[in-house]
Every structure is written in structure tokens, then in C-alpha cells.
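Asks: Residue numbers (this note's numbering), protein chains in the order written: chain V, 234 to 552; chain B, 17 to 721.
C-beta: ideal position from N, C-alpha, C; glycine also.
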């Protein structure tokens with residue numbers, strides 16, 4: 234009934250979002266396992282009404298929360314409790330959309346199904362990397378659907394992944410407080426940065442977990458329990474510490490800025506030097522994900538709210 | 017004697033007499049008329065002699081004689097004249113002589129005169145006679161003519177005469193000859209003679225009529241007999257009625273013994289006739305429902321275990337008095353008008369008093385009310401009294417809950433069973449503070465009533481379901497002038513409403529009991545809900561109080577609920593405080609009147625190492641979600657009265673988990689305040705690093721959803 238639906242909406246958390254390849258739609262996944270597709274063009278146009286801010290279609294995708302989503306040029310991949318599913322973007326707007334395929338990486342433990350917190354596309358190899366609750370990175374070939382590698386090293390579950398394109402390396406940050414770099418070809422751990430051990434950025438009262446990672450080949454920015462820090466990868470030294478008290482949940486490089494979001498209403502825009510350039514407020518008290526709409530039509534930044542009222546949050550004009 | 021004679025003589029003296037004498041004699045003598053008369057009378061039997069002469073004399077000659085006489089007289093007169101003028105001595109003798117001659121002539125004239133007269137008379141007499149004859153003939157003729165006419169008339173009358181016998185519809189000839197017995201029809205005679213035929217037919221007609229008249233008399237007498245019988249039977253029946261009544265009276269104790277109060281029901285129906293239509297509909301439907309329910313429980317012993325009993329209260333006389341005949345009321349009006357005038361002249365009542373009176377009049381209740389007693393399984397009874405406001409055409413209800421045992425009301429449970437709020441929002445949104453009849457607004461404006469809310473304590477609540485039970489439907493789209501009570505509307509809502517009422521009472525009573533326990537810091541978890549929680553729960557409930565609606569709105573951690581519109585003024589608000597060690601968890605609870613189908617809503621604020629609410633701590637949010645969104649697991653066995661207590665218990669468990677799984681701050685010295693005692697597979701999961709709040713039974717470990 235109405236009260237129950239209102240309560241559900243109040244307690245909805247959107248964990249992940251992904252922009253469609255055409256740039257017109259935004260898919261968001263929430264903690265009830267539903268995926269909602271919004272029409273960006275309708276919601277952000279000048280004549281947008283309340284109705285156009287509501288999702289175009291909503292369907293139950295997973296049994297558990299949808300923690301991460303990523304889009305290829307034809308598919309939407311969503312992952313939640315233990316398995317990854319693929320959906321066709323072309324079909325997704327139709328009612329009764331069924332997943333194209335679903336895969337579950339080989340888990341060691343059977344007591345509890347580990348969640349998949351991060352998905353990463355490696356376009357050169359046409360593979361997908363999953364990481365999550367079982368402390369391993371699994372690589373899956375997108376064509377065959379077979380799991381090729383499992384990278385072990387983390388001692389606690391993995392929060393986030395980032396791709397270093399030049400030498401195809403994957404960075405992973407986890408609950409154990411370490412950022413590990415993996416070489417995909419050799420499937421070995423190349424570098425480990427234990428962020429919490431560095432005094433400048435560690436914040437013991439928050440914990441040591443690494444919630445977010447972003448890399449720009451030589452540079453890496455990570456945050457979470459420790460402060461948001463910019464690292465030089467080769468030397469493994471923290472260069473800039475961003476003065477943000479609240480733990481950040483998502484960070485990304487954008488042009489010459491670093492955008493971060495976490496506890497607190499705003500999307501923060503940082504200069505590389507560590508200065509806060511701008512704070513763009515959003516509507517929900519906490520932010521969990523950011524996604525960039527790279528389409529030339531509208532280079533906008535979308536914010537995924539931690540509270541779900543159905544609207545995709547406000548677009549942020551960057552630049 | 018002489019005079020008498022002279023008079024007679026004068027009369028009888030006629031020229032004729034004298035003249036006849038003169039004719040016989042040449043000298044004039046004074047004759048004694050008496051002698052003449054007797055003479056004549058003896059002679060001819062006539063009075064005058066001229067009468068006899070007249071037949072003999074010729075009138076023409078008499079005329080000549082008259083002329084001659086006149087001439088002679090004139091001549092004599094002329095000679096006398098001459099002589100007198102000449103004068104002389106011998107004149108006198110000549111004159112005398114001439115005088116005597118003239119006298120004679122005079123007498124001749126007289127005679128002639130008499131003759132003439134007699135002739136005339138005779139003529140007249142003859143004419144007269146003839147006339148008389150003619151007249152007589154005329155008369156005869158007239159008479160005869162008259163008679164002729166008369167006879168003619170009579171003839172025509174006779175000819176036109178319709179004998180009555182022609183008006184009688186006689187049977188046709190063939191039938192007549194067929195049916196009539198021969199001594200009447202006499203065919204041989206009647207065939208030839210139409211007169212006889214008609215007579216015969218008439219005879220036959222008479223015969224038949226006599227027979228029929230006989231029959232008729234018989235039938236009449238039969239009818240009389242039967243009528244008498246009917247009378248007798250009627251009397252018999254009417255004497256039966258009082259006997260039956262006395263039997264019924266006598267059977268009353270038997271009825272009570274057998275628990276079949278027919279008489280009582282009958283009396284109720286009698287009273288029910290005076291109910292206004294909506295109350296009547298309610299009465300009928302409720303009684304029907306009550307009986308249906310009783311019948312459905314066929315396993316019950318014959319004594320009717322009545323879960324629903326209906327009664328009518330109030331004064332029937334007053335109800336009857338409402339319907340005065342028109343003349344009386346008119347008189348009353350005029351009287352009251354006069355009275356009013358008087359009082360206004362003497363002492364004007366204040367405007368306020370007038371308005372007050374008008375208001376009272378508008379809000380007047382019908383003197384009869386229907387009382388429904390709903391009995392629940394645990395012997396608590398919900399007493400509902402339904403009233404009908406006549407001028408507003410709405411029904412209101414007053415509620416009271418009585419329990420089998422005396423209830424000690426805990427402080428926080430004050431509002432739970434209060435008559436004002438126990439039935440609030442039985443159906444969502446039906447708060448009963450506003451009148452459901454849109455037409456009432458205009459009536460209110462006239463007497464200055466703003467809203468019915470001010471009067472509900474006194475009048476009862478005009479809930480929408482009450483109107484529906486009374487069959488009153490006020491459609492919003494097309495406001496109707498007169499809304500009449502409809503049985504089908506009432507019937508369709510009766511069962512649902514009764515069930516809802518029972519559920520409401522029972523849930524409120526359950527809450528009542530639970531509150532008593534909560535106020536003592538004990539969360540009463542029943543044995544069949546124990547499986548939802550681990551065996552050891554360390555956090556304790558230390559406080560459970562009611563808070564006012566405004567206070568709830570002021571709290572800083574309830575903004576979401578307020579904004580979402582879930583915190584209206586029909587809800588009940590409470591504050592619970594759960595403590596463990598230094599951690600204090602405040603929980604603001606919104607209890608919807610529709611508990612337990614609508615779950616209570618919790619908003620949390622944790623004071624431990626800072627203030628954490630759902631806006632700055634995702635785990636607090638997760639805890640709220642566990643209690644608010646996942647409430648269906650906590651409902652417990654139907655009718656889910658355990659929801660609130662289970663939610664509170666779960667809250668304690670969640671606080672335990674939260675505190676024990678808090679990651680240890682390495683920089684701070686000393687052990688953790690709350691060592692981990694709960695068995696958890698993983699402490700954190702997902703990008704938001706959720707704690708394991710889900711309890712798994714029977715393994716007893718905590719995991720993530």
C-alpha cells in the first residue's frame with residue numbers, strides 16, 4: 234500500500250549507474266535489485282515535468298542489490314549478488330526485458346555468495362573484470378563468457394577497480410586498505426600501496442578501507458577511510474591530499490579536474506594541486522557513484538544519489 | 017194611495033193605451049190607468065196594447081204618419097205662433113183648439129213613439145232570439161268541435177299508446193314455442209292471432225320471472241346465512257388474538273430458558289419502525305449480519321453465541337412526537353410565533369443565544385439510537401452507539417471499549433482506547449472530523465459553525481464507514497439534494513467494517529497490554545516470535561513515552577518521514593530509548609491508526625561517538641530499513657499484534673550488532689567497548705560497507721541481505 238511504497242522509496246539506495254552508448258538514457262541499479270532506465274533527454278530538457286523525471290522502465294534485475302553497472306557499446310552489464318548479467322540496450326526499454334546472459338565467477342566459498350562490487354571493462358582484450366566480496370579479481374572473456382583468470386592478493390573484499398590503459402594494468406582497492414596493481418598478461422600483482430600506513434593520509438577513526446580509485450596512467454587518486462589522496466604511481470608516494478573530511482565513495486579524473494563524491498551532498502571538483510574548485514550540491518545526503526556522459530552531445534556529469542527518490546540527480550556542468 | 021196609483025199609472029201610461037182609446041173615442045179624457053191596466057191585462061195578457069198592434073201595423077205607414085204628424089204639429093205651432101202674435105179675443109179659442117189638436121198630435125206621436133219602441137224592442141227581441149239560437153248553435157258547434165278534437169287527441173293517444181308489454185324483451189318466438197309449456201303457448205290459438213300470441217308470450221314471461229324471483233330469494237337467503245357464518249368465524253378469530261398474546265406472555269420464561277428471545281426481537285422490530293431511514297438500514301443489516309454469523313458457527317451449541325448484538329435505545333415517544341400532523345404543527349407555529357413576538361417585545365434574547373439555539377437545532381439528534389455490541393474472542397466488547405443528525409442527514413458514532421477484566425491504563429496508552437481516537441482511520445483517511453455531507457457546509461455557514469470537529473466529542477464521529485453502514489452515499493462529483501438510505505450499500509460494507517472493527521479493537525487491546533510492559537522496560541516477545549531474534553540481546557529498552565505530534569515534527573531526524581507525508585495528525589507518536597553502555601539510541605515511532613496492517617515507522621538517532629542519523633550514517637539507514645521495510649518478517653502469527661514489539665526487539669538486536677561490529681579504531685587505546693559476541697560471516701559488505709543486520713535462524717549467525 235501507499236505507506237509501504239513510500240517507505241521503500243525512502244530507503245532506496247542507488248548503488249550504480251551507467252549511461253547508454255547513445256547517451257540518451259541512464260540506467261540506475263538500486264539496493265532492491267531493480268534497474269530503472271531514465272530518459273536523459275526528457276528529464277534534462279527545458280520542458281521537463283515531474284513525470285519526465287520518473288523512470289521510463291523499471292524491472293527486477295537481480296535478487297540482491299545491484300552494486301555495479303557498466304555499459305559496452307551494445308550491452309548493459311550489471312552485477313550484484315554474485316553474478317553478472319547482461320542486457321541489450323536496444324531491448325531494455327521494452328517491457329519484460331530478459332537478460333541476455335548471466336555468469337557467475339567460480340567462488341571458493343559456498344557459505345555466502347560474495348557480492349560483486351566493481352566491474353571493469355578492458356576493451357583491448359574484450360574482457361570484463363569483476364571484483365568483490367571474495368577478495369579476488371576475476372577476468373571474464375566477453376565473447377566466450379569463460380573466466381580466464383583469478384587474481385588473488387587482497388585480504389579483504391574489494392571495493393573498486395581502475396584500469397591503467399597504457400600497460401594494461403588493473404588497480405584494485407579494498408577493505409584491507411591496500412591498492413594493488415595487477416598485470417593482466419602475467420596475472421600477477423605488480424605493486425601494492427598500503428594507503429593507511431602513510432601517516433599523511435590515514436584516518437584511523439574512519440578505518441582503512443579504500444572506497445574509490447581512479448587512475449590516469451601515472452597518477453592515481455584514491456580515497457575512502459583514509460583521506461582522498463593523489464598518488465604518483467611509480468614512486469608510490471602521496472603527492473596531494475585533498476582536504477575532505479567525509480569519506481569519499483567515488484572519484485574520477487575529468488579533463489584536468491578530479492571529481493569526487495561521498496558523504497555529504499556535493500560533488501566536489503578539485504584541482505590537481507589540491508584546491509577545491511567547486512562544490513555542486515545534489516539532492517541527497519550521500520553520494521555513491523558518479524558517471525560521466527562522454528557523448529559529445531552533452532558532456533555532463535551525472536550523480537548517483539544514495540537516496541532514491543527516483544530522480545537521477547542533477548547534471549553538473551563541468552568546465 | 018193616489019200617489020201610488022199615479023206612479024203606477026205613469027209607468028203604465030203609454031201612448032199606445034191612450035192612443036187606442038183616442039182612436040176609439042174622439043175626446044181626451046183622463047182615464048184611470050188602473051182601469052186600463054186591468055182591462056188590457058185581462059184582454060190580451062199584454063202590458064201594452066201596442067204590442068199586439070205592432071204586428072198588425074205597417075212600419076212604413078207609421079213612418080208616414082209620423083212625418084204627417086210632425087208636419088201638422090209644426091203647422092199648428094206656426095198657427096199658434098201667428099195667432100199669438102196677432103192677438104185678439106177669439107184667438108184664445110183658436111189657440112185652444114189648435115192646442116187640443118196639437119195635443120192629439122202629440123198623442124199620436126207618443127203612440128208612434130211607443131210603436132217604434134215596441135218595434136224596436138221586438139226587433140231586438142227577435143234578433144236576440146235569433147242570436148241566442150245562433151249562439152246556441154255556435155256553442156254546440158264549438159262543443160262538438162272540441163269534442164272532436166278531444167276525441168282525435170284521444171285517438172292519437174290511443175294509437176300512440178305503447179303498452180308496457182312492448183318494453184319487455186320477450187324471448188324470441190322460436191324459443192318461446194320451444195320452451196314454453198303447451199298450456200301457455202297454446203300454439204294453435206296463438207299462431208294465428210298475434211294478440212293472443214303476445215298474451216301468451218307475456219304469460220310465459222311472467223311465469224319465468226316468477227321462477228327467477230324465487231331463485232333470487234333463495235340465493236339471498238343463502239347469502240345471508242353465509243354472511244352470518246363469516247361473522248361468527250371472525251369473532252372467533254378475533255377472540256383468538258388475545259389468547260395468543262397471553263400464550264406468548266406465558267412463553268416468555270420458556271424463551272429465556274431456551275435463549276430464543278423472539279418476543280424481545282419482536283419488540284425491537286416494533287421500535288425499529290420509528291427509526292429514521294439510515295438508522296433503520298443499519299439496524300436491519302446489522303441484525304441480519306449478526307444472525308448470519310451466528311448461523312455460520314454451526315459447531316456451536318444451540319445457544320446463540322452472539323458476537324454482534326443490536327439494540328435500539330432512546331425514547332420512542334419522542335420519535336413519534338417528531339411526526340406531528342400538519343394542522344397541529346401549524347397551530348404550534350402560529351402559537352410559537354405569537355409567543356416569540358411577545359418574548360422579543362419583552363426581552364430580546366442576545367444574538368449569541370439565538371445563534372447558539374440555532375446551532376443546537378441544526379445539530380439535533382434523533383431521539384432514537386442504535387447500539388451495536390461487538391464481542392471479541394477475549395471477551396472484550398466494543399460498544400458502538402449510532403446517532404442520526406436529522407438536519408444534517410448524517411450519522412455519527414460513539415465508541416467505547418470494555419474488557420472482561422479491569423484495565424490498568426499505562427501512561428503511554430492513554431490514547432489507544434480513548435473513545436475519540438479508537439476508531440480513527442478505520443479505513444485509510446477516514447478521520448471522522450469533517451462532515452461527509454457536502455451540503456452541510458451551506459447549513460453551517462448560516463449558523464456560524466466552522467467545522468464539525470468542535471462538536472464531535474459530544475455528537476460522535478461522522479466516519480465515512482458509518483454513513484455507508486447506514487446506506488448513505490454522498491458522491492463528490494454530483495452533489496445530490498436528497499440522499500436516501502440504501503440497503504445494498506450497507507450490506508456490501510457490513511462484513512468488512514465489522515471485521516475491521518474487531519481487528520482494530522483487538523490490536524488496540526494488544527497494544528495496550530504491550531505498552532504496559534514496554535513502560536517497564538521489557539519488550540514482550542511471545543514464544544512463537546522468539547525465533548526471529550538471537551537468544552542473547554544486551555541492549556535494553558529504557559524508556560517508552562508518547563510524544564505530541566508537534567514534537568515529532570520538530571525532531572531533526574524525522575524530516576524525511578514528515579516530508580514524505582507519513583506524519584499526519586491522525587497518527588500516534590512515541591519515543592523509545594534503547595541503551596547499551598554509553599550508546600543511546602533514540603527511536604521516534606509513528607503509529608498509524610491502521611496498525612497492524614500499516615506498520616509503525618521508526619526513525620533512529622544514535623548517540624555514540626557522535627550523533628549518527630540516517631543522513632550521515634548509512635548503517636543507521638540500514639537499521640531503519642530493517643525495521644521499516646522488512647516488517648513483514650516481524651509480523652508474527654496472525655493477527656500480527658506482535659509487530660511493534662518485534663520491531664522493538666529487532667531494534668535492540670540491531671543496536672547490538674552495530675555496536676559490536678564497529679571497527680576498532682587503532683589509534684585509540686583500550687579494548688573495544690563492545691566485544692563482538694555475535695557470530696557474523698563478514699563484517700562489511702558492499703560499497704556502502706553495510707553491517708550484517710540480518711539474523712539467520714536457527715543457525716544463529718548474522719549476515720547481509
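Using a beta-carbon distance below 8 Å, is residue 697(B) in contact with chain V?
Replies: yes
Asks: Ignoring anything shorter than 3 residues, give me the beta strand (DSSP E) runs that lie fully in the region 464–522 of chain B, in order along the chain.
Replies: none
Asks: For residue 565(B), which option in 697(B), 578(B), 555(B), 306(B) has the closest C-alpha, if you only look at C-alpha atoms?
Replies: Residue 578(B) is the option with its Cα nearest to residue 565(B).
Asks: Applying the criterion that 16 or more other CB atoms from any shown protein chain within 10 Å of the CB defines a buried residue, is residue 251(V) buried or exposed?
Replies: buried
Asks: Given a limit of 7 Å on CB to CB distance, which residues of the region 482–494 of chain V reach chain B?
Replies: Near chain B, meaning a CB-to-CB distance below 7 Å, the residues of the region 482–494 of chain V are 482.
Asks: Any beta carbon of chain B sitting closer than 8 Å to that of residue 515(V)?
Replies: The C-beta of residue 515(V) comes no closer than 8 Å to any C-beta of chain B.
Asks: Grab the span of the beta strand (DSSP E) containing residue 487(V) for me, first residue to last.
Replies: 481–487
Asks: Hey, does residue 702(B) have any beta-carbon neighbour from chain V nearer than 8 Å?
Replies: Closer than 8 Å: yes.
Asks: Where are the alpha helix (DSSP H) runs, 4 residues long or more, that stay fully inside the region 63–98 of chain B, in chain order?
Replies: 65–72
Asks: For residue 563(B), name the three-state secondary structure that DSSP assigns.
Replies: Three-state DSSP puts residue 563(B) in a strand.
Asks: Using a Cβ-Cβ distance under 8 Å, would residue 345(V) count as near chain B?
Replies: yes
Asks: Would you mind stating whether residue 607(B) and residue 475(B) have Cβ atoms separated by less than 8 Å?
Replies: Cβ distance not < 8 Å, so residue 607(B) and residue 475(B) don't count as in contact.
Asks: Report the option in 233(B), 324(B), 84(B), 720(B) whose CA atom is closest to the CA atom of residue 399(B).
Replies: 324(B)
Asks: Quick one: which residues of the region 590–611 of chain B get their C-beta closer than 9 Å to a C-beta of chain C? List them in chain order.
Replies: In summary, chain C is missing from the structure at hand, where the protein chains are V and B.
Asks: If you count every other CB in all the chains shown that lies within 10 Å of the CB of residue 502(V), and 16 or more means buried, which is it?
Replies: buried
Asks: Count the C-beta pairs between the region 434–451 of chain B and the region 398–415 of chain B that are closer than 8 Å, then say yes if the count reaches three, no if not.
Replies: yes
Asks: Report, in whole angstroms, the separation of the C-beta atoms of residue 445(V) and residue 458(V), which I expect to be a contact under 8 Å.
Replies: Contact between residue 445(V) and residue 458(V) does not hold, since the beta-carbon distance rounds to 11 Å and is not under 8 Å.
Asks: What residues of chain V sit near residue 582(B), judged by a beta carbon separation below 7 Å?
Replies: Those are 236, 239, listed as they occur along chain V.
Asks: Quick one: which chain V residues come within Cβ less than 7 Å of residue 645(B)?
Replies: Within chain V, the residues near residue 645(B) are 240, 241, 244.
Asks: Below 7 Å between beta carbons is the criterion; list the residues of the region 507–535 of chain B that meet it against any residue of chain V, in chain order.
Replies: none
Asks: Does residue 676(B) come within less than 8 Å of chain V when only Cβ atoms are used?
Replies: no
Asks: Tell me the residue span of the alpha helix (DSSP H) that contains residue 262(V).
Replies: It is not in any alpha helix (DSSP H) - residue 262(V) instead sits in the beta strand (DSSP E) that spans 258–263.
Asks: Can you find a C-beta in chain V that's less than 8 Å from the C-beta of residue 636(B)?
Replies: no
Asks: Cβ-heavy atom distance between residue 505(B) and the ligand SAH below 7 Å?
Replies: Absent from the structure shown: the ligand SAH. Ligands present: none.
Asks: Between residue 617(B) and chain V, is any beta-carbon pair separated by less than 8 Å?
Replies: yes
Asks: Report yes or no: is there a C-beta of chain B within less than 8 Å of the C-beta of residue 300(V)?
Replies: Look at residue 300(V): its C-beta is under 8 Å from a C-beta on chain B.
Asks: Mind checking the region 427–452 of chain V against chain B and listing, in chain order, the residues whose C-beta falls within less than 8 Å of any C-beta there?
Replies: 437, 438, 440, 442, 444
Asks: Across the region 616–629 of chain B and the region 547–560 of chain B, are there enough close Cβ pairs to call them in contact, namely three or more that are closer than 8 Å?
Replies: no
Asks: Are there 16 or more other CB atoms within 10 angstroms of the CB of residue 334(V), so buried, or fewer, so exposed?
Replies: exposed
Asks: What separation, rounded to the nearest whole angstrom, lies between the Cα atoms of residue 674(B) and residue 329(B)?
Replies: 59 Å
Asks: Since residue 174(V) and residue 405(V) are thought to touch, with beta carbons under 8 Å apart, how far apart are those beta carbons, to the nearest angstrom?
Replies: Outside the shown range of chain V (234 to 552) lies residue 174(V), about which nothing can therefore be said.
Asks: At 3 residues or longer, and completely inside the region 603–668 of chain B: list those beta strand (DSSP E) runs for me, N to C.
Replies: Complete beta strand (DSSP E) runs here, min 3: 617–623, 627–629.
Asks: Where does residue 554(B) fall in DSSP's three states?
Replies: coil
Asks: Would DSSP call residue 332(V) helix, strand or coil?
Replies: coil
Asks: Let me make sure I understand the geometry here. Which of 417(V), 397(V), 398(V), 393(V) has the alpha-carbon closest to that of residue 384(V)?
Replies: 417(V)
Asks: Roughly how many whole angstroms lie between the Cα atoms of residue 466(B) and residue 451(B)?
Replies: 11 Å
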